[in-house]
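Structure record follows, encoded as structure tokens.
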Amino acid sequence: MSIVFGVIGAFLAVMGGVWIAEGSHFNIWAYWDEAAFVIVVVGTLFCTMAMYSTMDLLMLPIYFLQTILPLPYKEGDIVDSFQRMADKVKGAGIPSLTSEIPSAYDDYMRRGIKLVISGTDSHAIKEIMHSEIEKTNKRHKQKIGIFNEMAGIAPTMGMIGTILALVIVLGNLEDTSKLGSSIAVALIATLYGAAAANLACVPMAKKLDLKNDKEVLLKEMILEGLLSVQAGESSFLVGQRLKAHVSEGLRSRIEGGKGTSKKKGEKHIEIATYMNAIDQEKAMAF
3 MSIVFGVIGA
13 FLAVMGGVWI
23 AEGSHFNIWA
33 YWDEAAFVIV
43 VVGTLFCTMA
53 MYSTMDLLML
63 PIYFLQTILP
73 LPYKEGDIVD
83 SFQRMADKVK
93 GAGIPSLTSE
103 IPSAYDDYMR
113 RGIKLVISGT
123 DSHAIKEIMH
133 SEIEKTNKRH
143 KQKIGIFNEM
153 AGIAPTMGMI
163 GTILALVIVL
173 GNLEDTSKLG
183 SSIAVALIAT
193 LYGAAAANLA
203 CVPMAKKLDL
213 KNDKEVLLKE
223 MILEGLLSVQ
233 AGESSFLVGQ
243 RLKAHVSEGL
253 RSRIEGGKGT
263 SKKKGEKHIE
273 IATYMNAIDQ
283 EKAMAF
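Under the numbering used here, residues 3 to 288 are what the sequence shown spells out, in order.
So this is what it looks like as structure tokens:
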């Protein structure tokens, strides 16, 4: 939710500065212009459509939701799960992991557990799971690229809107009484372009980028845990391997029992933050 508060806060800061400058003469509607909005917002969307697919454009609201929704699990959850699996394998062998499949945090983890149970070679597991991480990362980078492109297009469309408005103003110089207000309206397009880029597109692109890095880290931890459990390592060693992926501060919280977000006996509810086409269809149906 930090992105929501951040964007709203930035907008209020801008409006607050204008209110301080104008005082009692402040009128928010003076900064609204339909023509500028169409040129900047609609123009930016169509330029983006020219570079990407129509489906990517239609998925923008979903991508925005992905910046808000949390990942379905945390580092501490992964450590706890694989330490439990390690103890289970020590006592009842690899086949006992079958009971862990329904409670796995996502499809990636479920597929990994199934590979371990099937007796797949550790090298093959690492290759398959790494390939999936790379494909997921590539898909996420494409989504991030959409917002980065929009951040570059919006200010340009704003300048185009301003130039067009100035051409109209210069073509009607005989009415000097409206010259000042006409120029002010012309500059609103530039304002819209800069605001769209820096108050919306850039923050969302950065947020998605950070969440992508976090998800890649979590998937790498899952892969590390799978290989350790398959090798028959102790729960302590498995925990140490996984904790090596996190910062010292987070490691201390995990070891202190504060790193998990899933209570004992609580049914897992998965929230897909980065969704492929099938997951998106399920989310929309839900």
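Beta carbons: idealized from backbone N, C-alpha and C, even for Gly. On a predicted model such as this, the values are computed, not experimentally measured, just so you know.
Beta-carbon spacing of residue i, residue j below 8 Å
i                : j              : result
isoleucine 41    : glycine 163    : yes
alanine 167      : alanine 197    : no
proline 157      : alanine 199    : yes
lysine 128       : leucine 225    : yes
aspartate 79     : tyrosine 54    : no
isoleucine 135   : glutamate 222  : yes
asparagine 214   : isoleucine 146 : yes
valine 91        : glycine 241    : no
phenylalanine 13 : tryptophan 21  : no
isoleucine 155   : threonine 46   : yes
methionine 17    : isoleucine 5   : no
leucine 60       : histidine 142  : no
isoleucine 185   : valine 204     : no
Selection from the options that minimises the alpha carbon distance to residue i
i                : options                        : result
lysine 208       : Tyr54, Thr69, Ala52, Ser55     : Thr69
arginine 291     : Ser179, Pro74, Ser105, Leu73   : Nothing can be reported for residue 291: it is not among the residues displayed for the chain, which extend from 3 to 288.
serine 83        : Val231, Ser249, Lys137, Gly251 : Val231
glycine 251      : Leu172, Phe7, Glu77, Met51     : Glu77
methionine 111   : Met131, Ala126, Ser124         : Met131
leucine 228      : Phe66, Lys216, Val118, Ile146  : Val118
threonine 192    : Gly25, Tyr65, Trp34, Ala15     : Trp34
proline 72       : Phe238, Lys245, Glu217         : Glu217
phenylalanine 48 : Met159, Pro205, Arg253         : Met159
proline 63       : Phe238, Asp109, Met206         : Met206
serine 254       : Phe7, Val43, Val81             : Val81
glutamate 151    : Val9, Ile10, Asp58, Ser184     : Asp58
methionine 161   : Phe39, Ser249, Asn174          : Phe39
As assigned by DSSP and simplified to three states, the class of residue i
i                : result
leucine 71       : coil
glycine 234      : coil
asparagine 174   : coil
valine 6         : helix
methionine 61    : coil
aspartate 211    : helix
asparagine 150   : helix
tryptophan 34    : coil
phenylalanine 28 : coil
valine 248       : coil
lysine 128       : helix
lysine 221       : helix
tyrosine 54      : coil
lysine 137       : helix
lysine 216       : helix
phenylalanine 13 : helix
glycine 163      : helix
glycine 258      : coil
lysine 92        : helix
Residue i versus residue j: straight-line alpha-carbon distance, rounded
i               : j              : result
glycine 121     : leucine 219    : 25 Å
isoleucine 96   : histidine 247  : 25 Å
alanine 37      : tyrosine 194   : 11 Å
proline 74      : alanine 94     : 29 Å
aspartate 89    : alanine 52     : 54 Å
threonine 178   : valine 169     : 15 Å
threonine 50    : glutamine 144  : 12 Å
glycine 25      : alanine 32     : 14 Å
glycine 11      : methionine 3   : 12 Å
aspartate 123   : asparagine 139 : 24 Å
serine 98       : valine 44      : 56 Å
glycine 258     : aspartate 109  : 29 Å
phenylalanine 7 : serine 249     : 26 Å
Checklist entry - In chain order, which alpha helix (DSSP H) runs of at least 4 residues are fully inside the segment 95-126? => result 109-119
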